[in-house]
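Comments concern the structure below.
In UniProt numbering, the protein residues as written are 1 to 304.
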């Protein structure tokens with residue numbers, strides 16, 4: 001026999017208040033609805049449950065037995081199961097997993113780590129890199145708390161996304177490169193030997209598509225899979241590389257390099273954070289997403 005838990009709430013309320021009308025008021029329902037609930041319970045349980053004695057409704061032995069156990073169940077459901085568990089960053093001692101690229105680790109992981117360390121000193125932060133096809137599954141399974149980056153293919157009604165900031169691409173050369181001035185001409189751009197970076201990110205791929213649409217073909221002298229080695233690669237050569245501006249700024253500070261603008265405008269790309277709808281209302285996820293937005297949101301990404 002199956003009984004609606006809400007009907008049992010009516011049973012407990014009548015027992016506590018001694019009347020159907022008072023029980024209805026406590027449960028914010030109409031008296032006819034409370035009376036109908038009692039009638040359904042009587043029919044399904046085969047017992048009167050309450051008999052009137054003066055102005056009060058007195059419980060039958062069957063009702064008393066049911067109420068004693070039902071009250072315990074309702075207490076557990078209302079106070080332990082239904083409420084969204086509170087999340088305290090200060091007391092959290094678990095792991096937070098972020099999926100980001102090598103660029104992401106270099107550009108915004110330091111600022112994220114500092115903020116997470118300040119709010120959740122017991123947290124263990126882990127970063128991983130995944131292929132675009134693996135992202136939705138990792139978010140669904142909870143193996144990744146948040147994905148950060150440019151992933152235009154991560155489009156699903158199961159995935160939430162929030163824009164953090166936009167970035168563009170620029171060019172990087174060694175400090176003593178023969179190219180002068182803040183911006184090169186198209187002829188200079190085409191005459192230079194280029195480094196082509198092939199990583200798991202999509203912005204470089206989109207840039208290649210832009211070049212193809214413009215009918216521009218570069219001279220590729222070196223292929224690499226990593227952005228962070230570029231400062232060393234261009235230091236003793238006249239190579240030029242197109243890369244995200246934030247990464248170029250890192251190399252300018254840490255290597256003998258300088259930025260020179262490309263001869264044509266390059267579209268900007270939105271960096272976003274992504275999470276699965278399974279965790280949309282999870283307190284820990286809400287805290288982490290809010291922190292990420294606060295640290296990385298516009299106007300500019302934080303630099304280490």
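From the three backbone atoms N, C-alpha and C, an ideal C-beta is built for every residue, glycine too.
| Check | Outcome |
| --- | --- |
| Where does the unbroken beta strand (DSSP E) through residue 102 begin, and where does it stop? | No beta strand (DSSP E) holds residue 102; the alpha helix (DSSP H) holding it covers 102-107. |
| Could you say which of 134, 290, 198 and 222 lies nearest to residue 192 if we only look at CA atoms? | 222 |
| In angstroms with no decimal places, state the Cα-to-Cα distance between residue 32 and residue 281. | 36 Å |
| Identify the residues that DSSP records as bridge partners of residue 59: which are they? | 50 |
| Taking all protein chains shown into account, do 16 or more other C-beta atoms lie within 10 angstroms of the C-beta of residue 219, making it buried, or fewer, making it exposed? | exposed |
| Under 8 Å: do the segment 52-66 and the segment 101-116 share three or more Cβ pairs, one atom per stretch? | no |
| Please name the residue in 92, 86, 116 and 182 whose C-alpha comes closest to that of residue 98. | 116 |
| Could you give the distance in angstroms between the alpha-carbon of residue 125 and the alpha-carbon of residue 148? | 14 Å |
| Taking residue 139 as the reference, which of 273, 234 and 56 has the closest Cα? | 273 |
| Could you give the first and the last residue of the continuous alpha helix (DSSP H) run that contains residue 154? | Element bounds for residue 154: n/a, residue is neither H nor E. |
| Need the endpoints of the beta strand (DSSP E) that residue 169 sits in, please. | 169-174 |
| For residue 14, which residues from the same chain have a beta carbon less than 7 Å from its beta carbon, with the 5 sequence-adjacent residues on both sides left out? | 20, 23, 38, 50 and 57 |
| Please determine if the segment 127-141 and the segment 74-94 are in contact, where contact requires at least 3 C-beta pairs separated by less than 8 Å. | no |
| Use the C-beta contact count for residue 121: other C-beta atoms within 10 angstroms, 16 or more gives buried, fewer gives exposed. | exposed |
| I'd like to check one pair, residue 194 with residue 102: are the Cβ atoms closer than 8 Å? | no |
| By how many angstroms is the C-alpha of residue 152 removed from the C-alpha of residue 134? | 14 Å |
| Counting C-beta neighbours from all protein chains within 10 Å, is the total for residue 251 16 or more, i.e. buried, or is it exposed? | buried |
| Look at the Cβ atom of residue 146, then the Cβ atom of residue 286, and state whether they are nearer than 8 Å. | no |
| In whole angstroms, what is the alpha-carbon distance linking residue 211 and residue 107? | 26 Å |
| Just to confirm, is the Cβ distance from residue 257 to residue 173 under 8 Å? | yes |
| Could you give the DSSP three-state label for residue 146: helix, strand or coil? | strand |
| If the criterion is Cβ atoms closer than 8 Å, does the pair residue 71 and residue 10 meet it? | no |
| From the DSSP secondary-structure annotation, give me the bridge partner or partners of residue 183. | 261 |
| Please report the residue range of the alpha helix (DSSP H) in which residue 294 lies. | 283-296 |
| If I follow the unbroken alpha helix (DSSP H) through residue 141, where does it start and stop? | 135-141 |
| Taking the DSSP output, what are the residues bridged to residue 81? | Answer is none; residue 81 lacks a bridge partner. |
| Can you tell me which of the three DSSP states residue 86 falls into? | coil |
| Name the two residues that bound the continuous beta strand (DSSP E) containing residue 126. | 124-128 |
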